[in-house]
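First comes the structure, then the notes that go with it.
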Amino acid sequence: MIVKRPVSASLARAFFYIVLLSILSTGIALLTLASSLRDAEAINIAGSLRMQSYRLGYDLQSGSPQLNAHRQLFQQALHSPVLTNLNVWYVPEAVKTRYAHLNANWLEMNNRLSKGDLPWYQANINNYVNQIDLFVLALQHYAERKMLLVVAISLAGGIGIFTLVFFTLRRIRHQVVAPLNQLVTASQRIEHGQFDSPPLDTNLPNELGLLAKTFNQMSSELHKLYRSLEASVEEKTRDLHEAKRRLEVLYQCSQALNTSQIDVHCFRHILQIVRDNEAAEYLELNVGENWRISEGQPNPELPMQILPVTMQETVYGELHWQNSHVSSSEPLLNSVSSMLGRGLYFNQAQKHFSNYC
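Numbered per the UniProt record's numbering, the sequence shown spans residues 1 to 357.
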């Protein structure tokens, strides 16, 4: 499985966008502030034009020889770099229009001043001063708009950074933290032998998706191995219990033969012990034509099993038995038939000894 979007790459991309947005918002705000550094100078110069306009009228009325010098100062102030730089694309049209009207009206006023036309000046000075006031007001509004723009850019940058951080943390929580918590929970359940936890999400496009797929496969294999080990342990436990039960039955049978006189009652007792321990549902011991001992009722639906009762390759009789679980009872019945063979051997030896005496 190929990791489409590694966690490190996703985090690096998110941090890159956060840094980029921070740089852009800060840069635009600084550029806007830099362009506002000379706004106060422009407003002061524009405001000084009002005073200079009245001074020109005073010079004209009093016939001052400084009229021409003051005209030059007014023109220099009107065409100062800080004002001529307003004719750029990002300056509002209201500011550029007011400045253009001032320049056009100054050409007319300068011409009238050079001719000494005092009546024209007195008739138009108030209108020109109003145009200067409107220009100053437009500059003030422009400076205020730039301050508001700086605030808006800073606020937008902050909101953008907060949004990026929020969605980055949300994505990390959904695609990293939550899968890791599920992985920890599943690991703890497996530690306690519980393999029934919900499968992990393998659709994640990062390393955790690959880890979840690998973990699910590993969990499935461990579950199979755990079940096989459990089955093996249960089987061994059953075998041990069965072996213990066989030993107990054989011990009881051995105790039944541990008498001074071995007779038919001993053999019947052995068959009773075997049947009481559910090793067989029906038992029958046939010894030639003399003895026929049985325990239980024969079942016509079950096959009759026959074992020879032997001792030192001598057949003394047959042990017939029936049980629904043949495979589990057969080892015990083989041992019982051998024990019955030894018992019959000692029984005949006792008879010979009695006859001899």
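Using N, Cα and C, we set each Cβ at its ideal position, and we do this for glycine too.
* Asked: For the 8 Å Cβ check, are there 3 or more pairs between the segment 128–145 and the segment 43–50?
  -> Judged by pairs of C-beta atoms under 8 Å, the segment 128–145 touches the segment 43–50, as three or more such pairs exist.
* Would you list the residues sitting across from Met311 in a DSSP beta bridge? => In DSSP, Met311 forms a bridge with Thr314.
* Please indicate yes or no: does the CB of Ala123 lie closer than 8 Å to some heavy atom of the ligand ATP? => Of ligands this structure carries none, so the ligand ATP is not represented either.
* Asked: Given that a residue counts as buried once 16 or more other Cβ atoms are within 10 Å of its Cβ, and exposed if not, what is Thr26?
  -> Counting every other CB atom within 10 Å of its CB across the protein chains shown gives Thr26 a total below 16, marking it as exposed.
* To do: Starting from Asn286, follow its DSSP beta bridges and name the residues at the other end.
  => According to DSSP, Asn286 bridges with Arg292, Glu318.
* Taking the alpha-carbon positions, what's the Ile273 to Asp196 distance? -> Roughly 46 Å separates the two Cα atoms.
* Could you say which of Arg173, Gln175, Asn203, Leu37 lies nearest to Ala143 if we only look at CA atoms? => Out of Arg173, Gln175, Asn203, Leu37, Leu37 has the C-alpha closest to the C-alpha of Ala143.
* To do: Please classify Gln217: is it buried, with 16 or more other beta-carbons within 10 angstroms of its beta-carbon, or exposed?
  => Around the beta carbon of Gln217, a 10 Å sphere encloses fewer than 16 other beta carbons of the protein chains shown; the residue is thus reported as exposed.
* Residue from Tyr316, Lys351, Arg275, Val184 whose Cα sits closest to the Cα of Gln322 -> Relative to Gln322, the option among Tyr316, Lys351, Arg275, Val184 whose CA is nearest is Arg275.
* Asked: Just how far apart, CA to CA, sit Ala14 and Thr168?
  -> Going by the C-alpha atoms only, they are around 7 Å apart.
* Closest by C-alpha distance to Val177, when choosing among Leu271, Leu307, Asn206, Ile293 -> It is Asn206.
* Based on the DSSP output, what are the partners of Gln305 in its beta bridges? -> Beta-bridge pairing links Gln305 to Trp321.
* Euclidean distance between Cα positions of Gln175 and Pro81 -> About 58 Å.
* Answer yes or no: do Leu30 and Ile161 have a C-beta to C-beta separation smaller than 9 Å? => Contact flag unset, no.
* Are Tyr128 and Met109 touching if we call contact CB-CB under 9 Å? -> A contact, by the Cβ cut-off of 9 Å.
* Mapping DSSP to helix, strand and coil, what is Trp89? -> Coil, per DSSP.
* Do you know how far the Cα of Leu24 is from the Cα of Leu149? -> Counting only the Cα atoms, Leu24 lies some 14 Å from Leu149.
* Asked: For the candidate residues Leu344, Tyr282, Glu281, whose alpha-carbon lies nearest to that of Gln312?
  -> Minimum Cα distance to Gln312 is reached at Leu344.
* **Rounded straight-line distance, which links the Cα of Leu247 to that of Arg292** => Approximately 26 Å between the Cα atoms of the pair.
* Mark Arg238 as exposed unless 16 or more other C-beta atoms lie within 10 angstroms of its C-beta, in which case mark it buried. => Exposed is the call here.
* Presumed contact (8 Å Cβ cut-off) between Leu210 and Gln182, rounded CB distance -> The distance from the Cβ of Leu210 to that of Gln182 is about 15 Å, inconsistent with a contact at the 8 Å cut-off.
* Between the Cα of Leu250 and those of Ala40, Pro308, Ser335, spot the shortest distance and give me the residue it belongs to. => Selected option, being the one with the closest Cα: Ser335.
* Any idea if Gly158 is buried or exposed, counting beta-carbon neighbours within 10 angstroms, 16 or more meaning buried? -> So Gly158 counts as exposed.
* **Unbroken alpha helix (DSSP H) run spanning Val249, endpoints** => DSSP places Val249 inside the alpha helix (DSSP H), whose first and last residues are 207–257.
* **Minimum C-alpha distance to Gly116 - residue among Leu67, Arg173, Gly288, Ser337** => Comparing C-alpha distances from Gly116 to each of Leu67, Arg173, Gly288, Ser337 shows the shortest one belongs to Leu67.
* Asked: Of the residues Asn103, His223, Tyr99, Leu139, which one's Cα is nearest the Cα of Glu41?
  -> The residue with the shortest Cα to Cα distance from Glu41 is Leu139.
* How would you write the range of the alpha helix (DSSP H) that Leu139 sits in, first residue to last? -> Bounds of the alpha helix (DSSP H) holding Leu139 are 118–172.
* Quick check: the segment 49–58 against the segment 70–79, are there 3 or more CB pairs under 8 Å? -> As far as the Cβ criterion goes, the segment 49–58 touches the segment 70–79, which means the pair count is three or higher.
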